[in-house]
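Following the working numbering, the numbering of the sequence shown begins with 1211 at its first residue and continues without gaps.
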Amino acid sequence: MLDKPGKPSYESPSSCRIIVLIRTISKILERIIAARLIAAARLKGLLHPNQCGSLPGLSTYDACLILTNDVKTLQRPRLKVSSLFLDIKAGFDNVDDKTLARILTEGGIPPYLVSWVSSFLGERSCTLIFQGAPGTPAPVKVGAPQGSPIIPLLFLLYVAPLHFGIPRGLMVSYEDDFALTVASLSYRGNIRRLQDLFSRLERKMSGLGVSFSVAKTELIHWRTPSQRRSPKCVSPIKIKGDLFHPGNSV
């Protein structure tokens, strides 16, 4: 546990930076299992094409390309396009091993891989070291160990159900960052549709035990060169009682 410099108080865990130490032999095995799990998940269609990050051939650059390409495609029929950017709160820390095992089993993943994942995430413990002094091991009942080669993939599989079944909207994600994009004849109409999609997502997320960090929400109304001649839309979106005004960049 390393203190973050410049914090007014160090009584909160968020004022510390955690460096996770994992055995090298474990990382080798996790990379082997991750390669097999990616192949099986893609074969069974468990990963959505718009999920990027921690996957071979799908980087930040690809996520940006997907988003900008779809925005321009939606603008061609002279529609107004808006995007809502969301961030899952402490995503890796809320992965439930039993829920993930159910998702993998229902998705047709081979039983030996499901058993490995359940064993890997179940009955874990961690020891916090402050100022170089080891403490007492504590059980970890939920969450995934950050720093592990397979954890980003397990998180993508855990939240993949959020992508499927999104009606009348487009969603692109990079690990725990999501972008919802809609198009209609007006920006105000887009705001109503984005609010509806956010509510639908929240209901699905409650079953996974995860939620969005509302404070990190961002909104943008995309405009073509011809649309810039008209007055700029400044209408905000209301998310859980908070107003978020559209920005010029996100």
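Where is the CB? At the ideal position from N, CA and C, for every residue including glycine.
message = Quick check on Thr1337 - is its C-beta less than 8 Å from some C-beta in chain D?
response = Annotation note: the requested chain D is absent from the structure, which comprises a single protein chain.
task = Would you check if the stretch 1304-1324 and the stretch 1410-1428 touch, i.e. whether three or more CB-CB distances between them fall below 8 Å?
result = yes
query = With respect to the beta strand (DSSP E) encompassing Ile1449, which residues constitute its N-terminal and C-terminal limits?
reply = The residue labelled residue 1449 in the question sits at position 239 within the sequence shown. Taken as a continuous stretch (DSSP letters only), the beta strand (DSSP E) holding Ile1449 covers Ile1447 to Ile1449.
key: Helix, strand or coil at Asp1213 according to DSSP, with G and I counted as helix   = Here the question's residue 1213 lines up with position 3 in the sequence shown. DSSP places Asp1213 in strand when its eight states are reduced to three.
ask   = Quick one: what does DSSP say Thr1391 is sitting in, helix, strand or coil?
value = If you number the sequence shown from 1, residue 1391 lands on position 181. Thr1391: strand per DSSP, three-state reduction.
Opposing strand residues paired with Trp1326 [DSSP bridges] = Walking along the sequence shown from the start, residue 1326 turns up at place 116. BP columns for Trp1326 are empty, so no partner.
Start and end residues, beta strand (DSSP E) containing Glu1428 = Residue mapping note: residue 1428 aligns to position 218 of the sequence shown, counting from 1. Run containing Glu1428: Glu1428 to Trp1432, per the beta strand (DSSP E) assignment.
query = Ends of the beta strand (DSSP E) at Ser1219?
reply = As a first step, residue 1219 is located in the sequence shown; it is residue number 9 there, counting from the start. That residue, Ser1219, is in no beta strand (DSSP E); it is neither H nor E in DSSP.
Phe1295 in three-state terms, based on DSSP = On the sequence shown, residue 1295 is found 85 positions in, with the first residue counted as 1. Strand at Phe1295.
Span of the beta strand (DSSP E) around Asp1452 = As a first step, residue 1452 is located in the sequence shown; it is residue number 242 there, counting from the start. Asp1452 to Phe1454 is the span of the beta strand (DSSP E), which, as asked, contains Asp1452.
task = State the start and end residues of the unbroken beta strand (DSSP E) segment that holds Arg1334.
result = Position 124 of the sequence shown, counted from the start, is the residue given in the question as residue 1334. Segment Arg1334 to Cys1336, the beta strand (DSSP E) holding Arg1334.
query = So which of Gln1437, Arg1439 and Ser1445 has the shortest CA-CA distance to Leu1429?
reply = Your numbering for residue 1429 matches position 219 in the sequence shown. Measuring from the Cα of Leu1429, the nearest candidate turns out to be Ser1445.
task = Reducing DSSP to helix, strand and coil, say where Arg1413 ends up.
result = Here residue 1413 corresponds to residue number 203 of the sequence shown, with the count starting at 1. Arg1413 falls in the helix class under three-state DSSP.
key: Euclidean distance between Cα positions of Ser1293 and Ile1376   = The sequence position of residue 1293 within the sequence shown is 83, counting from 1. The sequence position of residue 1376 within the sequence shown is 166, counting from 1. If you take the alpha carbons of Ser1293 and Ile1376, they lie about 14 Å apart.
request  = Could you check what DSSP says for Leu1268 in three-state terms: helix, strand or coil?
outcome  = Here residue 1268 refers to the residue found at position 58 of the sequence shown. Here Leu1268 sits in strand by DSSP.
ask   = Can you give the Cα-Cα distance for Phe1408 and Leu1366, rounded to whole angstroms?
value = Reading the sequence shown from its first residue, position 198 is the one you call residue 1408. Reading the sequence shown from its first residue, position 156 is the one you call residue 1366. Roughly 19 Å separates the two Cα atoms.
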